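Counting in my numbering, the sequence shown runs from 44 upward without gaps. Ideal Cβ placement from N, Cα and C applies to all residues, glycine included. Since we're looking at a predicted model, the values are computed, not measured.
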Amino acid sequence: MTNPTDRALSRAERQAMPVALDVAVEIAKHNGVCIRPVILRRLDTHTGTTEDVNVPCGTTMEAKCPPCAKRNRYLRMAQCREGWHLDAEPSITPDEPTEEQRWLVEFRADMQAQRDAAEQAGDDTTDLDAVLVGLDEEINAAGMRGNLLGRTTVKRNRSTRRRQDAPDLPKRVRQNTTLGRTFTGSDGATYRPSLFVTLTLPSYGRVRAGQGVPVDPDAYDYTRAARDALHFSKLVDRFVQNLRRVAGYDVQYFSSVEPQKRLAPHLHMAVRGTMPRAEIKAIAAATYHQVWWPSVDEVRFEGEHLPVWTERPERAEPYPDGQDGDYLDPATGELLPTWHEALNQLDTDEDAEPLHVVRFGPQVDVQGVLAGTPDADQCIRYLSKYLTKSLGDTLDADNPAQRQHAARMTEALRYEPCSPACPNWLRYGVQPKNAKAGMAPGRCRGKAHKPEHLGYAGRRVLVSRKWSNKTLSEHKRDRRTWVMEALGLVDEAPDPHRYVWKPVPAGDGDVPSLALRLLRMVAERQRWRATLLALQEQASGQPTQDLSAMREAA
Ligand SMILES: [Zn+2]
Ligand SMILES: [Zn+2]
Numbered sequence: 044m045t046n047p048t049d050r051a052l053s054r055a056e057r058q059a060m061p062v063a064l065d066v067a068v069e070i071a072k073h074n075g076v077c078i079r080p081v082i083l084r085r086l087d088t089h090t091g092t093t094e095d096v097n098v099p100c101g102t103t104m105e106a107k108c109p110p111c112a113k114r115n116r117y118l119r120m121a122q123c124r125e126g127w128h129l130d131a132e133p134s135i136t137p138d139e140p141t142e143e144q145r146w147l148v149e150f151r152a153d154m155q156a157q158r159d160a161a162e163q164a165g166d167d168t169t170d171l172d173a174v175l176v177g178l179d180e181e182i183n184a185a186g187m188r189g190n191l192l193g194r195t196t197v198k199r200n201r202s203t204r205r206r207q208d209a210p211d212l213p214k215r216v217r218q219n220t221t222l223g224r225t226f227t228g229s230d231g232a233t234y235r236p237s238l239f240v241t242l243t244l245p246s247y248g249r250v251r252a253g254q255g256v257p258v259d260p261d262a263y264d265y266t267r268a269a270r271d272a273l274h275f276s277k278l279v280d281r282f283v284q285n286l287r288r289v290a291g292y293d294v295q296y297f298s299s300v301e302p303q304k305r306l307a308p309h310l311h312m313a314v315r316g317t318m319p320r321a322e323i324k325a326i327a328a329a330t331y332h333q334v335w336w337p338s339v340d341e342v343r344f345e346g347e348h349l350p351v352w353t354e355r356p357e358r359a360e361p362y363p364d365g366q367d368g369d370y371l372d373p374a375t376g377e378l379l380p381t382w383h384e385a386l387n388q389l390d391t392d393e394d395a396e397p398l399h400v401v402r403f404g405p406q407v408d409v410q411g412v413l414a415g416t417p418d419a420d421q422c423i424r425y426l427s428k429y430l431t432k433s434l435g436d437t438l439d440a441d442n443p444a445q446r447q448h449a450a451r452m453t454e455a456l457r458y459e460p461c462s463p464a465c466p467n468w469l470r471y472g473v474q475p476k477n478a479k480a481g482m483a484p485g486r487c488r489g490k491a492h493k494p495e496h497l498g499y500a501g502r503r504v505l506v507s508r509k510w511s512n513k514t515l516s517e518h519k520r521d522r523r524t525w526v527m528e529a530l531g532l533v534d535e536a537p538d539p540h541r542y543v544w545k546p547v548p549a550g551d552g553d554v555p556s557l558a559l560r561l562l563r564m565v566a567e568r569q570r571w572r573a574t575l576l577a578l579q580e581q582a583s584g585q586p587t588q589d590l591s592a593m594r595e596a597a
């Protein structure tokens, strides 16, 4: 390819050349513009016109490009700040679906249709499946409850026998409030103390200080590290349940899951209200989560000896478990138990042990924080520090010991079942939930197995429902409204039925190149910036922090 900056080319020749994508990407990044915009066709039902719109990737998926990730981080900081020291109960109304929720649901339906069409045509659906998973996460995050697909899941109630080493926790009568106690100082001022808690997983073997790599990799318990990471979010849920039981009020939190150098997830949590430090430590020590999954102690199938798929007889009614076939042992012809059969066996076995028990490590850090202090600001920055990074990103690629450590961790995760539907179950003689043809152990596409996630595939930010009055998209809208008002423009309340969104059909000739789309988005962003800058000069009395927030929001 010819280099566009080649001096031998005439000006006219240079201008005729397509914009190099990597150049456009750099310019977009520099301007804080999404570098992976999704192009969608928008029908305006008020005017009957259609327009192709570049939607930032951060709107549709959790995997975000760096500029979207950064913008998202600022939003999260605003959300964290707003909820931490609330002095009035948030009003929670079981809301009408918002525009964003409707959009997500409609968009998901469209994508599902595309995916099904691709499958019927015998095309690879991997990418579309990934989009659907992302959308489902986003839909859940948008606060919609209930199952969109109308899947019916059988709720299992397993008696969870309390382990003997769990200390008894005090239990207070639950007050119907989400606010913590306040204290009045001798000067009459009201203090609203809150907590900043850091929870860490246990040790899997000694690591070198500063590097996080095992002193003795052979003695390092990678299996345990892998399982702890896989089930970490369940442990966090349990911690919150226990916290609320002990606290005696409806404790609210904003937390982020972050990678440690040793590649284990750990948790920072802003908690509204305060409790004695010793109590938090006792709760962390008492908290555990048992994974009641079939045993993986015995490898039954590996190498060339793998279960084989066989179709069930066709019938009018779908089978209750939704499968239209089963895996069997090719040597004996014996059908492997389905996921539900395996769980039933586990339930009736009095001697069964959980596959895994996950607990926090002894390192628990609890800090008291007062509203509006520099301490609080620092904690908020800390909480959002790693949001733009994946667990595997903390890795120093030039450090061979760290690379090896990550490789061993990935290897330990390779055959660990990441979910009931993980194809790895076949290795242990159990059919994965919703089994279908073409599954093989070691070839799960689940996020948890990937080197960039290292076992933790959950959400990076966990926020309780009554943290602030607002969802993330409402925070986003707030900022927009603020900017519009500052500009003297009216930000009309959107009519949720105004637009109908559709994916642009693949191979549509009218769609400009990505490079061109990026440059157009940059131009738009620069027009905003110029207007804001002019405003900043006019309003010299304004705090600059707000104006920089405006620029972020724009
Ligand atoms: Zn983006
Ligand atoms: Zn898996």
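Worksheet entry | CB of leucine 371 within 7 Å of CB of leucine 378, strictly | Here the question's residue 371 lines up with position 328 in the sequence shown. Here the question's residue 378 lines up with position 335 in the sequence shown. Yes, they are a contact pair.
Discussion item. Could you compute how far the alpha carbon of threonine 88 sits from the alpha carbon of tyrosine 292?
Written reply: Translated into the one-based positions of the sequence shown, residue 88 becomes position 45. Translated into the one-based positions of the sequence shown, residue 292 becomes position 249. When rounded, the distance between both Cα atoms is 47 Å.
Fill in: In chain order, each alpha helix (DSSP H) run of at least 4 residues that lies wholly inside the region 300-345
320-329
Worksheet item: Are the region 224-231 and the region 254-270 in contact at 8 Å, needing three or more beta carbon pairs?
Response: Because the criterion of three Cβ pairs below 8 Å is not met, the region 224-231 and the region 254-270 do not touch.
Item to complete: Could you have a look at threonine 416 and say whether DSSP puts it in helix, strand or coil?
Response: Within the sequence shown, the letter at position 373 stands for residue 416. DSSP places threonine 416 in coil when its eight states are reduced to three.
Item to complete: Throw me the rounded Cβ distance for the lysine 476 and proline 463 pair, which I believe falls under 8 Å.
Response: Here residue 476 refers to the residue found at position 433 of the sequence shown. Here residue 463 refers to the residue found at position 420 of the sequence shown. Yes, they are in contact, since the Cβ atoms of lysine 476 and proline 463 sit about 4 Å apart, within 8 Å.
Worksheet item: Just to confirm, does glycine 489 get its C-beta within under 6 Å of one of the non-hydrogen atoms of ligand 2?
Response: If you number the sequence shown from 1, residue 489 lands on position 446. Checking the Cβ of glycine 489 against ligand 2 gives yes.
Fill in: With 16 other Cβ atoms within 10 Å as the buried cut-off, status of serine 299
Counting from 1 along the sequence shown, the entry for residue 299 is found at position 256. With 16 or more other Cβ atoms within 10 Å, it is buried.
Fill in: Own chain, CB closer than 7 Å to proline 99, minus 5 neighbours either side, in chain order
Numbered from its first residue, the sequence shown carries residue 99 at position 56. Excluding residues within five positions, the ones whose Cβ falls inside 7 Å are Cys77, Pro80, Cys111.
Worksheet item: glutamate 162 to alanine 374, Cα distance in whole Å?
Response: Reading the sequence shown from its first residue, position 119 is the one you call residue 162. Reading the sequence shown from its first residue, position 331 is the one you call residue 374. When rounded, the distance between both Cα atoms is 31 Å.
Worksheet entry | Option nearest arginine 470 by Cα separation, candidates Arg249, Gln366, Leu349 | In the sequence shown, the residue the question calls residue 470 occupies position 427. Ranking Arg249, Gln366, Leu349 by Cα distance to arginine 470 puts Leu349 first.
Discussion item. Just to confirm, is the Cβ distance from cysteine 461 to glycine 489 under 7 Å?
Written reply: Locating residue 461 in the sequence shown gives position 418, counting from the first residue. Locating residue 489 in the sequence shown gives position 446, counting from the first residue. Using a Cβ distance threshold of 7 Å, cysteine 461 and glycine 489 count as a contacting pair.
Practice prompt. Could you check which residue in Pro548, Trp382, Arg251, Ala164 has the C-alpha nearest to that of tryptophan 335?
Written response: Counting from 1 along the sequence shown, the entry for residue 335 is found at position 292. The shortest C-alpha separation from tryptophan 335 is found at Trp382.
Worksheet item: Going by the C-beta, is cysteine 461 closer than 6 Å to any heavy atom of ligand 1?
Response: Position 418 of the sequence shown, counted from the start, is the residue given in the question as residue 461. Answer for cysteine 461: no, Cβ out of range of ligand 1.
Item to complete: With DSSP as the reference, please indicate the residues paired to phenylalanine 226 in a beta bridge.
Response: Against the sequence shown, residue 226 aligns to sequence position 183. Paired residues: Tyr234.
Discussion item. To the nearest angstrom, how far is the alpha carbon of threonine 241 from that of valine 543?
Written reply: Here residue 241 corresponds to residue number 198 of the sequence shown, with the count starting at 1. Here residue 543 corresponds to residue number 500 of the sequence shown, with the count starting at 1. Cα to Cα, the separation comes out at about 44 Å.
Practice prompt. State buried or exposed for alanine 450, treating a residue as buried only when at least 16 other CB atoms are found within 10 Å of its CB.
Written response: Counting from one through the sequence shown, the residue named residue 450 turns up at place 407. Here alanine 450 is exposed, its C-beta having fewer than 16 other C-beta atoms within 10 Å.
Worksheet entry | Integer-rounded CB distance, given that arginine 267 should sit under 8 Å from glutamine 295 | Looking up residue 295 in the sequence shown gives position 252. Looking up residue 267 in the sequence shown gives position 224. Their Cβ separation, rounded to whole angstroms, is 32 Å, which puts glutamine 295 and arginine 267 out of contact at 8 Å.
Discussion item. Tell me which residue opens and which closes the beta strand (DSSP E) that isoleucine 70 is part of.
Written reply: In the sequence shown, counting from the first residue as 1, residue 70 sits at position 27. From DSSP, isoleucine 70 is part of no beta strand (DSSP E) but of the alpha helix (DSSP H) over 64-73.
Practice prompt. Kindly indicate which residue of Val506, Thr330, Gln254 has the alpha-carbon position closest to the one of leucine 306.
Written response: Taking the first residue of the sequence shown as position 1, residue 306 is located at position 263. Residue Gln254 holds the alpha-carbon nearest to the alpha-carbon of leucine 306 among Val506, Thr330, Gln254.
Worksheet item: Should lysine 428 be counted as a contact of ligand 1 given a C-beta to heavy atom distance under 6 Å?
Response: As a first step, residue 428 is located in the sequence shown; it is residue number 385 there, counting from the start. Flag unset: Cβ of lysine 428 not near ligand 1.
Worksheet entry | Pairwise C-alpha distance: serine 511 and arginine 288 | As a position in the sequence shown, residue 288 is number 245, starting the count at 1. As a position in the sequence shown, residue 511 is number 468, starting the count at 1. When rounded, the distance between both Cα atoms is 21 Å.
Discussion item. Short of 7 Å in beta carbon distance, which residues of its chain neighbour alanine 269, apart from the five on each side in sequence? Order them along the chain.
Written reply: Residue 269 sits at position 226 when you count from the first residue of the sequence shown. So the qualifying residues of the chain are Met452, Ala455, Leu456, Glu459, Gly498.
Worksheet item: Of the choices Leu413, Leu398, Lys107, Val504, whose alpha-carbon is the least far from that of lysine 428?
Response: By one-based count along the sequence shown, residue 428 stands at place 385. Lysine 428 has its Cα closest to that of Val504, out of Leu413, Leu398, Lys107, Val504.
Item to complete: Kindly list the residues whose CB is nearer than 7 Å to the CB of leucine 557, restricted to its own chain and excluding five residues on each side of it in sequence; keep chain order.
Response: Looking up residue 557 in the sequence shown gives position 514. Counting only Cβ-Cβ distances below 7 Å, and skipping sequence neighbours, we find Leu64.
Worksheet item: At least one CB of chain B closer than 7 Å to the CB of lysine 304: is that the case?
Response: Checking the listed chains, one finds no chain B in this structure; it contains a single protein chain.
Worksheet entry | Boundaries of the beta strand (DSSP E) in which leucine 118 is found, first to last residue | For the purposes of this step, residue 118 is taken as the residue at position 75 of the sequence shown. For leucine 118, there is no enclosing beta strand (DSSP E); the enclosing alpha helix (DSSP H) has its first and last residue at 109-127.
Worksheet item: Beta carbon of leucine 244, beta carbon of aspartate 211: below 7 Å?
Response: Here residue 244 is taken as the residue at index 201 of the sequence shown, counted from 1. Here residue 211 is taken as the residue at index 168 of the sequence shown, counted from 1. Cβ distance not < 7 Å, so leucine 244 and aspartate 211 don't count as in contact.
Practice prompt. With DSSP as the reference, please indicate the residues paired to tryptophan 352 in a beta bridge.
Written response: As a first step, residue 352 must be located in the sequence shown, where it is residue number 309. The partner list for tryptophan 352 (beta bridge, DSSP) reads Tyr370.
Worksheet item: How many whole angstroms separate the CB atoms of leucine 398 and valine 339, which I take to be in contact at a CB cut-off of 8 Å?
Response: Here residue 398 refers to the residue found at position 355 of the sequence shown. Here residue 339 refers to the residue found at position 296 of the sequence shown. Yes, they are in contact, since the Cβ atoms of leucine 398 and valine 339 sit about 6 Å apart, within 8 Å.
Worksheet item: Is it true that the CB of asparagine 97 sits closer than 7 Å to the CB of arginine 560?
Response: Position 517 of the sequence shown, counting from 1, holds the residue named residue 560. Position 54 of the sequence shown, counting from 1, holds the residue named residue 97. Yes, the Cβ-Cβ distance between arginine 560 and asparagine 97 is below 7 Å.
Item to complete: Tell me whether glutamine 445 sits in a helix, a strand or coil according to DSSP, three-state version.
Response: As a working note, residue 445 is residue 402 in the sequence shown. Assignment of glutamine 445 by DSSP, reduced to helix, strand and coil, places it in the helix class.
Worksheet item: How do the region 312-326 and the region 341-355 stand: do at least 3 beta-carbon pairs fall below 8 Å, yes or no?
Response: no
Discussion item. Quick check: is any heavy atom of ligand 1 less than 6 Å from the C-beta of proline 213?
Written reply: Your numbering for residue 213 matches position 170 in the sequence shown. Checking every heavy atom of ligand 1 against the Cβ of proline 213, none is found closer than 6 Å.
Fill in: Contact set for glutamine 406: own chain, Cβ-Cβ below 7 Å, skip 5 residues either direction
Taking the sequence shown and counting its residues from 1, one reaches residue 406 at position 363. Taken in chain order, the residues that qualify are Thr243.
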